[in-house]
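Chemist: One structure, pasted below without further comment.
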Amino acid sequence: MDFTTLLDLLDSSMRLAMPLLLACLAGLYSERAGIFDIGLEGKMLTAAFFSAAVAYHYSVHPLFSYETLQCDPGGANCQTVLHEVRAPIAPAWLGLLAGIASSMALSAIHGLASITFRGNQLISGVAINFLASGMTVLVAQNWFRQGGRTPSLEGTARFTPVDLPFADAIGDSVPILGPIYRELISGHTILVYLALACVPLTWWIFYRTRFGLRLRAVGENPESVDTAGVSVVGLRFAAVAIAGILCGIAGAYLATALQAGFVREMTSGRGYIALAALIFAKWRPWQALGATLLFGLLQAIAVRFQNIDLGGFVIPVQFMEALPYILTVVILAGFVGRAIPPRAGGEPYVKER
Amino acid sequence: MERMPTWADAVLVPLLSLILAAILSALVILAIGEDPLAAFKIMFDGALKSSAGWGYTLYYATNFMFTGLAVSVAFHARLFNIGGEGQAMLGGLGVALACLYIPWPHWTLAIVGASVGGALFGAAWAFVPAYLQAKRGSHVVITTIMFNYIAFSVLNYVLVNLLRPAGSMDPATEKFPPATHLPTFRDMFSTADTILFRGAPANASFFLAVLACVFVWLLIWRTRLGYEIRAFGQSETAANYAGISGVRITIVAMLISGGLAGLMAVNATQGEAERLILNSTEGAGFIGIAVALMGRNHPVGVFIAAVLFGFLYQGGAELALWTNIPSQLIIVIQALVILFTGALDNMVRMPLEAMFLALRRKEAR
Amino acid sequence: MLTPAEADQLFRILARLRDEGKTIILITHKLREIMEITDTVSVMRRGEMTATVKTSETSPEELAELMVGRKVLLRVDKVPAKPGDEVLTVENLRVTDDDGIERLKGVSFTLRAGEVLGIAGVAGNGQSELLEVLGGMRPGSGSVRMKGQEIDLTGKHSDGQSRRARGIAHVPEDRQHEGLIMEFVAWENLVFGYQHDPAYQANRLLMDNAGILRAAQGQMERFDVRPPNPRLSAKNFSGGNQQKIVVAREIERGPDLLLVGQPTRGVDIGAIEFIHKQIVGLRDAGKAVLLVSVELDEIMSLSDRIAVMFDGHLMGLGPAETATQLGLGCLMAGLGGKDTTSMAGWTISDAAADEAPVEERV
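First to last, the sequence lines map onto chains A, B and C.
The numbering of the first sequence is the numbering used here, which starts it at 1 and goes up by one.
The numbering of the second sequence is the numbering used here, which starts it at 1001 and goes up by one.
The numbering of the third sequence is the numbering used here, which starts it at 2001 and goes up by one.
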């Protein structure tokens, strides 16, 4: 494998890792606060659909339009003129907002079920995944009639790559580091940089702010938080809402940056893989980055090498397709070591006890 | 004192959840621009008005009984087996191998052999997640989901590369030999004058499913193993105190669960398709979750919930045929049922409990 | 949980606060504490204030009566023990918990038939682990012999089932999470741990549920479980009646050795009296009882011999008659000294520090 192929592979790992990273951080907030979230998958899927749908809509239609009556001086020869007002921001950004909103709506359901009504968090998450799986196709079919997908997104309906300063200049002049800068670091969409920025931000929030301290406490020992006069319910809802935002970005990234539009089941298990990565990372932000990059690499390898010929024996394509899932299981089973989840995870908080 | 009578807990709570799910589904249909009442009429007519409709409804119900029982057995051990779909897929492979490579003289023997094959393969597919959960603490929810994806790839590979008849482009096995074909309801219940269940896929494995319900009831409530499964599911610390091995219960419960899911293939693969196709499970493994939750993990409840979902499934197919409502509506309904009966249980229960408490107070006065 | 000395310290602080003119509300079920430091007592029963009296004008007996609603025997009446053969021999028993912390650091003692050995100590000094390893709930190392025969401390035959087969019954410290399945009905709970007993099987495959139900009915009546309804879930019984279900299950089959942890924690005074009688009854029937409790009064009134645990070691072991509150208190804090050596017949471990480290708290 030459250097360019390697860079290519790493570049696509990076792109494939970002939805995992965002979802993994979403899970981090939620689970650190004591709420299991199997529903990452469904939230991403919903966000993917709504971001693609909204981005498509506003790339074709104006934000709103109105008519005015225009007349010649003197009042004769009047005619109505249609004014179309385009959104002041690119449709892709409107799509992102819609994705976040839809994902947060599902978060609200999850919070209602698992915090307010102290229901089973796993079951709630599973329900949300099915809801997303059914509703996205149902609505897509109803709106676009293309068999449960959105039309392809073009132009400003998608997030386009951003070239970092001097990418081309350095890329050509500096050996090794130059191409790495140009291919690997530069040339991603803004959402990738946003996702990466979320890692130190999350670390800072968790380990340097009072809010973060309380979040961690509420996942370990909610009684102590309650005794300190801080609302357990409030903190947990906040965590679930943040998870909604992050899943929303992840879904929007899938449909409007990584790919050009929504297709059914396009998350294909990323939510679950993100959870596995979270366990692998032992519920810590920097490790989450490492874990998701690893899973991204696995996916990139599976996508790139569809048929590996091992001297007469060809590894079947189905094996490569299943590889990320197989390795998820392997990593969960073997390499995690002793992963201790937040102590109060999955347990609804009952004040009386 | 119990907060409310057992019958209310068993009947009223699921019923209320169902009504809530129905109302929301109606709103969804309205939002699509269709008439919910007309839609319900189409579903009812298509699924329950003719014997053929019943034939489809009961065919689906058979699938859901197996997968619902599978989920509920695991639930009793507080294991959430989301892998019913993958286990059923592999069960299909077991059924297909049993039907294709063993020369059965008669269907009565073939159904036994296919059941063993399906259950073994389904159980085997559940074994790895079960073992990893028991020994390494790998969360069974994530591993079973991963095994669903892997099952699809395995089946895809086996069908495309190994079992596909030469010259066929279809990822499916060849037709099973006639001696393995199960009698359909039409074969069984039609008389010379009247043909019942015309064209419907319901077949003898329906009775196998009913047997499975009885088996699970005996297992869970009458055997020592069932006692230990329930004890472990209720409290791991107490199970440890009583000397009940968590490792053993986890693995055994998951094996039984996987075996039951695998049995579904007797209905779908041997009974209906009469060959193994790629997507024979059609999401039945997931519907099992809704069926188990709605049936309160009790075989009688699972039976009723399975028939109900059979109706929804058949009705949903009719809807997709006659209206603009896509068949994904059934997934939405399924999600809502899981949400209301599983996660928002307390939301439904709290007002009911308050009501019964008020009633009791009034009586006491 | 505090040692008696630490409790006294706390009460001194409370008294000082009172003298400064503060109001203090103390909620406790320990009559000794109430008598020592309160001025007025209110008794609550079933969510109602049943009485309010001046402490100086009442007695523990009267308070107990107010709490239960009938006359209560506060002292345990028992005849002197007639110790028989050695039943349990523990040598150098060690337990390391899941976090790698050593909880039992080489404990040795023997227990004879027809005697109650009480293990005193502040909670968290290894008593729980002692009960758990003997009851088969966690692995350990060292040597434990039951009637002269070695029992497994690790591996397949070290679980609760194997222990029961060897005649060891166990009333665990935490009835809600260990001793009972709260969602199970009473009759199911009355065979919990003994579900493999041939007496409970209808045939090779099925359990004899009807038979168990019938047996449960009688058992609940004999052990005064109220209400005596075997179809009621365990969670619907009061703490005392839950404990009676556990005690009934473990005592009625006459085990050679009964392990009892905190038998009367969170149990009303009426039930305490009943449970104590049952434990003494088992001893009088010639069985061995190992009692772990953080209630010093309970240890002193039930035990024939007492051992004190501190930090995973046995600090001292001796006859109950000569034990004093003060001496036991010192041992519970890991101290030796003259208050402990003055207890006749006691062996004091070298691990017990000679002098009290001066430690001022609060």
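C-beta: ideal position from N, C-alpha, C; glycine also.
These figures come from a predicted structure and were not determined experimentally.
1) For C:E2086, report the span of its alpha helix (DSSP H) as first-last.
2) Is there contact here, the region 2108-2115 of chain C with the region 2167-2174 of chain C, by at least three beta-carbon pairs under 8 Å?
3) Which residues does DSSP list as the beta-bridge partners of C:I2168?
4) For a cutoff of 8 Å on Cβ pairs, would you count B:M1001 as touching chain C?
5) Grouping DSSP H, G and I as helix and E and B as strand, with all else coil, what is A:P161?
6) Is there a Cβ of chain B sitting closer than 8 Å to that of C:D2159, yes or no?
7) Would you call A:Q70 buried or exposed, if buried means 16 or more other Cβ atoms sit within 10 Å of its Cβ?
8) Let me know if B:A1354 comes out buried or exposed under the rule of 16 or more other beta-carbons within 10 Å of its beta-carbon.
9) I believe B:T1184 touches B:A1212 by the beta-carbon criterion, under 8 Å. Please report the beta-carbon distance rounded to the nearest angstrom.
10) Would you mind telling me which residues of chain B sit closer than 9 Å to C:E2178, beta carbon to beta carbon, in chain order?
11) Using three-state DSSP, classify A:G345 as helix, strand or coil.
12) Just checking: is the beta-carbon of A:R353 within a distance shorter than 8 Å of some beta-carbon in chain B?
13) I'd like to know if C:L2131 contacts chain B, where contact means its C-beta is closer than 8 Å to some C-beta of that chain.
14) Just how far apart, CA to CA, sit A:Q318 and B:S1153?
15) Run through DSSP, which three-state label would C:R2018 get?
16) Express the C-alpha separation of B:S1257 and B:A1376 in angstroms, rounding to a whole number.
17) If I follow the unbroken beta strand (DSSP E) through A:G234, where does it start and stop?
18) With DSSP as the reference, please indicate the residues paired to B:V1277 in a beta bridge.
19) Closer than 8 Å, CB to CB, is A:A113 near chain B or not?
20) Is the CB of A:Q306 under 8 Å away from at least one CB in chain B?
21) Which value, in whole angstroms, describes the spacing of the CA atoms of A:W204 and B:Q1133?
22) In angstroms with no decimal places, state the Cα-to-Cα distance between A:V225 and A:G27.
23) So if I threshold CB-CB distances at 9 Å, which residues from the region 1220-1232 of chain B count as touching chain C?
24) Taking buried to mean at least 16 other C-beta atoms within 10 Å of its own C-beta, is B:V1013 buried or exposed?
25) Would a check of beta-carbon distances place B:G1258 closer than 8 Å to chain D?
26) Report the three-state DSSP secondary structure of C:M2315 (helix, strand or coil).
27) Which residues in the same chain have their Cβ closer than 8 Å to the Cβ of C:D2097, if we skip the five residues on either side of it in sequence?
28) Should C:G2316 and C:I2348 be called a contact, given that it needs their Cβ atoms to be closer than 8 Å?
29) Going by DSSP, name the residue or residues bridged to A:H354.
30) Less than 8 Å between the beta carbons of A:L7 and A:L184, yes or no?
31) Just the Cα atoms here: how many angstroms apart are C:G2261 and C:A2123?
32) Note down, in chain order, every chain C residue with its Cβ under 7 Å from the Cβ of B:S1245.
33) Could you check whether the Cβ of A:Y325 sits closer than 8 Å to any Cβ belonging to chain B?
34) Taking only beta-carbon atoms, is B:V1332 less than 8 Å away from chain A?
35) Quick check for students: name the residue ranges of the alpha helix (DSSP H) that lie wholly in the region 1200-1278 of chain B, counting only runs of 4 or more.
36) Using the Cα positions of A:P151 and A:Y253, report the straight-line distance between them to the nearest angstrom.
Modeler: A quick look at the data gives this:
1) As a first step, residue 2086 of chain C must be located in the third sequence, where it is residue number 86. No alpha helix (DSSP H) holds C:E2086; the beta strand (DSSP E) holding it covers 2086-2096.
2) no
3) Counting from one through the third sequence, the residue named residue 2168 of chain C turns up at place 168. Paired residues: C:L2257.
4) Your numbering for residue 1001 of chain B matches position 1 in the second sequence. Note that B:M1001 scores a pLDDT of 47, beneath 50, so its modelled location is shaky; the value from the coordinates is reported in the next line. So yes, B:M1001 belongs to the interface.
5) Reading the first sequence from its first residue, position 161 is the one you call residue 161 of chain A. Three-state DSSP puts A:P161 in a strand.
6) To locate residue 2159 of chain C, count along the third sequence from 1; it is residue 159. Yes, C:D2159 lies at the interface with chain B (some Cβ there is under 8 Å from its Cβ).
7) As a first step, residue 70 of chain A must be located in the first sequence, where it is residue number 70. Counting Cβ neighbours within 10 Å, A:Q70 comes out exposed, since fewer than 16 surround it.
8) As a position in the second sequence, residue 1354 of chain B is number 354, starting the count at 1. Classification of B:A1354: exposed, given that the 10 Å Cβ count is below 16.
9) Here the question's residue 1184 of chain B lines up with position 184 in the second sequence. Here the question's residue 1212 of chain B lines up with position 212 in the second sequence. Not really, about 19 Å apart at Cβ, beyond 8 Å.
10) If you number the third sequence from 1, residue 2178 of chain C lands on position 178. Those within 9 Å of C:E2178 in chain B are S1235, T1237, A1238, N1240, Y1241, A1242.
11) Residue 345 of chain A sits at position 345 when you count from the first residue of the first sequence. Residue state, collapsed to three classes: coil.
12) As a working note, residue 353 of chain A is residue 353 in the first sequence. Because the pLDDT of A:R353 is 44, which lies under 50, any placement of that residue in the model is unreliable, and the question is left without a value.
13) Here residue 2131 of chain C refers to the residue found at position 131 when the third sequence is read from its first residue. Output row for C:L2131: interface = no.
14) What you label residue 318 of chain A is simply residue 318 of the first sequence in a count that begins at 1. What you label residue 1153 of chain B is simply residue 153 of the second sequence in a count that begins at 1. Roughly 5 Å between the two C-alpha positions.
15) To locate residue 2018 of chain C, count along the third sequence from 1; it is residue 18. Three-state DSSP puts C:R2018 in a helix.
16) Chain B is shown only over 1001 to 1365; residue 1376 of chain B falls outside these bounds and no answer can be derived.
17) Taking the first sequence and counting its residues from 1, the one referred to as residue 234 of chain A is at position 234. Looking at the DSSP string, A:G234 is not in any beta strand (DSSP E); the run it does join, the alpha helix (DSSP H), is 232-253.
18) On the second sequence, position 277 is the one that residue 1277 of chain B refers to. It is worth fixing the name first, because residue 1277 of chain B is Ile in this sequence and not Val. According to DSSP, which records beta bridges pairwise, B:I1277 is partnered with B:A1172.
19) In the first sequence, the residue the question calls residue 113 of chain A occupies position 113. Chain B contact via Cβ: present.
20) Start at 1 with the first residue of the first sequence, and residue 306 of chain A comes out as number 306. So no, A:Q306 is outside the interface.
21) Here residue 204 of chain A is taken as the residue at index 204 of the first sequence, counted from 1. Here residue 1133 of chain B is taken as the residue at index 133 of the second sequence, counted from 1. When rounded, the distance between both Cα atoms is 33 Å.
22) Against the first sequence, residue 225 of chain A aligns to sequence position 225. Against the first sequence, residue 27 of chain A aligns to sequence position 27. C-alpha separation (whole angstroms): 21 Å.
23) W1221, R1222, T1223, R1224, G1226, Y1227, E1228, R1230, A1231
24) On the second sequence, residue 1013 of chain B is found 13 positions in, with the first residue counted as 1. That one is buried.
25) Annotation note: the requested chain D is absent from the structure, which comprises protein chains A, B and C.
26) Sequence index remark: in the third sequence, residue 2315 of chain C carries index 315 (1-based). Strand at C:M2315.
27) As a working note, residue 2097 of chain C is residue 97 in the third sequence. Within the same chain, C:D2097 has close Cβ partners R2103, E2129, R2138.
28) Walking along the third sequence from the start, residue 2316 of chain C turns up at place 316. Walking along the third sequence from the start, residue 2348 of chain C turns up at place 348. Yes, these two residues count as a Cβ contact at 8 Å.
29) The requested residue 354 of chain A does not occur in the structure, where chain A is confined to residues 1 to 353.
30) Mapped onto the first sequence, residue 7 of chain A falls at position 7. Mapped onto the first sequence, residue 184 of chain A falls at position 184. Cβ atoms of A:L7 and A:L184: closer than 8 Å.
31) By one-based count along the third sequence, residue 2261 of chain C stands at place 261. By one-based count along the third sequence, residue 2123 of chain C stands at place 123. Using only the alpha carbons, I get a separation of about 11 Å.
32) Here residue 1245 of chain B corresponds to residue number 245 of the second sequence, with the count starting at 1. Within 7 Å Cβ-Cβ: D2159.
33) Residue 325 of chain A sits at position 325 when you count from the first residue of the first sequence. True, the Cβ-Cβ gap to chain B drops below 8 Å.
34) Residue numbering aside, residue 1332 of chain B sits at position 332 when the second sequence is read from its first letter. True, the Cβ-Cβ gap to chain A drops below 8 Å.
35) 1205-1222, 1224-1234, 1236-1241, 1246-1265
36) Stepping through the first sequence from its first residue, residue 151 of chain A is reached at position 151. Stepping through the first sequence from its first residue, residue 253 of chain A is reached at position 253. The straight-line gap from Cα to Cα measures roughly 16 Å.
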